[in-house]
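Beneath this line is the structure, given in structure tokens, with notes to follow.
Protein chains: 2
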Amino acid sequence: MTVLPFSPPVSDDALEDAPLRSVSTAVAVLDCFASEAELGATKVAARLGIAKSTACRMLAALAAGGLLEKAGSGRYRLGLRLFEYGQLAVDRLLLREVAMPILGELRETVRETVQLGVAVGTDVLYLERLETAGAGLRFRTDYHRNPAHSSSIGRVLAASDPSLTMAILERGLERRTPFTVVDPRRWRQTLVQTREQGYATCRDEYDQGWSSIAAPILTGASGRRRAVAAVSVVGSTSRVLGPRKPALVQGVRRAAERITVALERAGS
Amino acid sequence: MTVLPFSPPVSDDALEDAPLRSVSTAVAVLDCFASEAELGATKVAARLGIAKSTACRMLAALAAGGLLEKAGSGRYRLGLRLFEYGQLAVDRLLLREVAMPILGELRETVRETVQLGVAVGTDVLYLERLETAGAGLRFRTDYHRNPAHSSSIGRVLAASDPSLTMAILERGLERRTPFTVVDPRRWRQTLVQTREQGYATCRDEYDQGWSSIAAPILTGASGRRRAVAAVSVVGSTSRVLGPRKPALVQGVRRAAERITVALERAGS
DNA sequence: CGGGGTCGTTCCGGCTTCCGGAACGCGGGC
DNA sequence: GCCCGCGTTCCGGAAGCCGGAACGACCCCG
């Protein structure tokens, strides 16, 4: 079991010039369902620029394998088998395994939603999210991926990874709320601050009213340490960045440090 | 958004005579990683009876699409993209959406691990599992699929679905502990009892020391109601089937009923 | 330190199997 | 009831895939 897979391979939408053309096409078909819950053959064909008959066969083949499931009237959606595979993939990460109990304790301590995230491309992918039952307003739970620039976890990860920083800047800092930091200079400044203080914050930048605090999980030999992942606490801005902020910062940092040493101890 | 996909298609390991041979093969390659965390080309080729070169290309193509990731030294593992797809698949289930808050409340009430499961093939697939932080011994969290015959959720589902009952019996009642019900007659009797009392129990049958109580989530017009899913509470046998049993049974049944009506209200 | 075994990857020719266009059947809507 | 749009099926041509063998790297062991 490894800490994290080597390279989260950036998704070239390489439908072109790959070996196993039909397999690449099949993957592209799957990708269509990332942005749409249900699709039929015609729409898939149009989106990928392939023949309708090809799309139909692809859909049928993927459905035969359980990766898609057939809804009524010839439409398809993502299949539950993908859920199984996905659970397996993440269950086998050493990172998640050692982080889980510590995340649980953090949640008990801070009584807010806590998250564990890694970078994939220029996004943050949340491997785990533990919600607190009685934490006032319910946090939206229907996303598992955010643009890294408007996330405290993304900021922590970018702060220790120049190439991620570059990738994020190249993609552009999309505005999501009036508070999103979209000026590249100011955004780089937040990274400097993150490095100095050892944690990052994100105030109202992704969803107005919601803020978060994140701290890095480090790996690698001392002197060449890099953040592979990060822990964060997220909640309404007043709860997270108000009077409790120092306590939350300390809790998040302590949790991240504990995960870091647990990884070293357990890891290869 | 639908309650649940139509037919959890039984996995014919149909590598044979399907259209899109290479896609079917690719899916079969993915399946290899269900039982093994890391595999190389040689082992995949041997397991599927294909040429080593073919396996190598398949692995490379799947890795290019992010469904697999390359570990060091030419071995592969399931990719995080599968986790994303899997989360999407389950996020789009109406069942899970309406069940989540009710499951959360149930967990608060009973202070034990609660689960939401559906049948896929002759197994129970757990769509959700909420653990309680302070619930004594930690429950194993590293499985997402169990044989239905030795699970309270499976018993509830089989009790309302004759074809599932048949499928389970055909597959055979595998013994997992000394307490597993492996005699078909006795097992059918547990289904009768389940139907009579409206809930099912499972005492030490899957993991010795652990037991569970489950109640059905129903769907369909009255008179033709069937269980699409089930809620369960699981914990150490003494805690779950001891003095608290009546309270837990009531809690589980009430939660399942609430989910049932919430589904009717929200569903099509 | 070097050799043999194993494994992942690449190359290439023959041919399997896939692609695209057109036709079919169906369902829903103006 | 007609038409439009959709999912599916059929077919020929040829594109891309499969398998065997060769290559190079790595590791284990002597």
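Same order as they appear, the protein sequences are chains A and B. Heads up: the first sequence runs through residues 17 to 284, numbered per the working numbering. Heads up: the second sequence runs through residues 17 to 284, numbered per the working numbering. Just so you know, even glycine gets a beta-carbon here, dropped at the ideal spot from N, CA and C.
1. B:R108 versus chain A: which residues are under 8 Å apart at the beta carbon?
2. Quick one: Cα of B:A62 to Cα of B:L46, how far?
3. Does the beta carbon of A:Y222 sit closer than 9 Å to a beta carbon anywhere in chain B?
4. By the criterion of Cβ-Cβ separation under 7 Å, what are the contact partners of A:A50 in chain B?
5. Could you give the first and the last residue of the continuous alpha helix (DSSP H) run that contains B:V126?
6. Given B:L31, which residues of its chain have a CB within under 8 Å of its CB, disregarding the five upstream and five downstream residues?
7. Classify B:D223: buried if its beta carbon has 16 or more other beta carbons within 10 angstroms, exposed otherwise.
8. By the 7 Å beta-carbon criterion, what residues does the segment 161 to 178 of chain A contribute toward chain B?
9. Comparing C-alpha positions only, which one of B:Q131, B:L98, B:R260 sits nearest to B:A3?
10. Give me the Cα-Cα distance between B:A243 and B:D199, rounded to the nearest whole angstrom.
11. With distances taken Cα to Cα, identify the nearest neighbour of B:A246 among B:R240, B:G214, B:R260, B:V256.
12. Along chain B, which residues have their Cβ under 7 Å away from the Cβ of A:G225?
13. Can you give me the C-alpha to C-alpha distance between A:S254 and A:T217, rounded to a whole angstrom?
14. DSSP on B:V26, reduced to helix/strand/coil?
15. What are the boundary residues of the alpha helix (DSSP H) that includes B:R241?
16. Just the chain B side, please: which residues come within less than 7 Å of A:E144 by C-beta, in chain order?
17. In the DSSP assignment, the beta strand (DSSP E) including A:R219 goes from what residue to what residue?
18. Quick check on the burial criterion: 16 or more other C-beta atoms within 10 angstroms. Buried or exposed for B:Q205?
19. With DSSP run on the structure shown, which of helix, strand or coil describes A:Y281?
20. Quick one: which chain B residues come within Cβ less than 8 Å of A:S40?
21. Should B:A44 be flagged as near chain A, meaning a C-beta pair shorter than 9 Å?
22. Compare the C-alpha of B:V130 against each of B:G137, B:L143, B:T138 and name the closest.
23. Spell out whether any CB of chain A is found under 9 Å from the CB atom of B:Y215.
24. In the DSSP assignment, find the beta strand (DSSP E) that holds B:I233 and state where it starts and stops.
25. Rounded to a whole number of angstroms, what is the C-alpha to C-alpha distance between A:R37 and A:A67?
26. Can you find a CB in chain A that lies within less than 9 Å of the CB of B:E147?
27. From what residue to what residue does the beta strand (DSSP E) around B:Y142 run?
28. Answer yes or no: does any C-beta atom of chain B fall closer than 9 Å to that of A:V134?
29. Where does A:P262 fall in DSSP's three states?
30. At a Cβ threshold of 9 Å, is B:G120 touching chain A?
31. Specify the secondary structure class of A:V12 as computed by DSSP and reduced to three states.
32. Would you identify the three-state DSSP class for A:Y101, choosing helix, strand or coil?
33. Measure the alpha-carbon distance for A:Q266 versus A:S248 and round it to whole angstroms.
34. Can you look up A:P194 in the DSSP assignment and give me helix, strand or coil?
35. Between the Cα of B:L132 and the Cα atoms of B:R241, B:V250, B:R191, which residue gives the shortest distance?
36. What residues in its chain sit with their C-beta under 6 Å from that of A:R274, if we drop five residues either side in the sequence?
Inspection of the coordinates gives the following:
1. What B:R108 touches in chain A: A53, R93, L94.
2. 14 Å
3. no
4. For the C-beta of A:A50, the chain B residues within less than 7 Å are, from N- to C-terminus, L104.
5. Here the alpha helix (DSSP H) through B:V126 covers 110 to 126.
6. At B:L31 the pLDDT is 47, less than 50, meaning the model places this residue with poor confidence and gives no usable figure here.
7. Counting the other CB atoms within 10 Å of its CB gives B:D223 a total of 16 or more, which places it among the buried residues.
8. Residues passing the 7 Å Cβ filter: R161.
9. In the structure as shown, chain B begins at 17 and stops at 284. Residue 3 of chain B is therefore absent and cannot be evaluated.
10. 24 Å
11. B:G214
12. Here the premise fails: no neighbours, minimum Cβ distance about 20 Å.
13. Each residue's alpha carbon lies about 13 Å from the other.
14. Any answer about B:V26 is weak, because its pLDDT of 39 lies below 50 and its placement is not dependable; what the coordinates show is given next. Reduced to three states, the DSSP call for B:V26 is coil.
15. No alpha helix (DSSP H) holds B:R241; DSSP gives it neither H nor E.
16. Under the 7 Å cutoff, chain B gives no residues; its nearest Cβ is about 11 Å from A:E144.
17. 216 to 219
18. exposed
19. The sequence given here has Arg at residue 281 of chain A, not Tyr. It is helical.
20. A77, A80, G81
21. Interface annotation, B:A44: in contact with chain A, CB-CB separation under 9 Å.
22. B:L143
23. no
24. 226 to 235
25. 14 Å
26. yes
27. Run containing B:Y142: 139 to 146, per the beta strand (DSSP E) assignment.
28. Output row for A:V134: interface = yes.
29. Helix.
30. It does: the Cβ of B:G120 has a partner Cβ on chain A nearer than 9 Å.
31. Because residue 12 of chain A is not part of the residues shown, which for chain A are 17 to 284, the question remains open.
32. helix
33. Taking the straight line joining both Cα atoms gives about 11 Å.
34. coil
35. B:V250
36. So the qualifying residues of the chain are I118.
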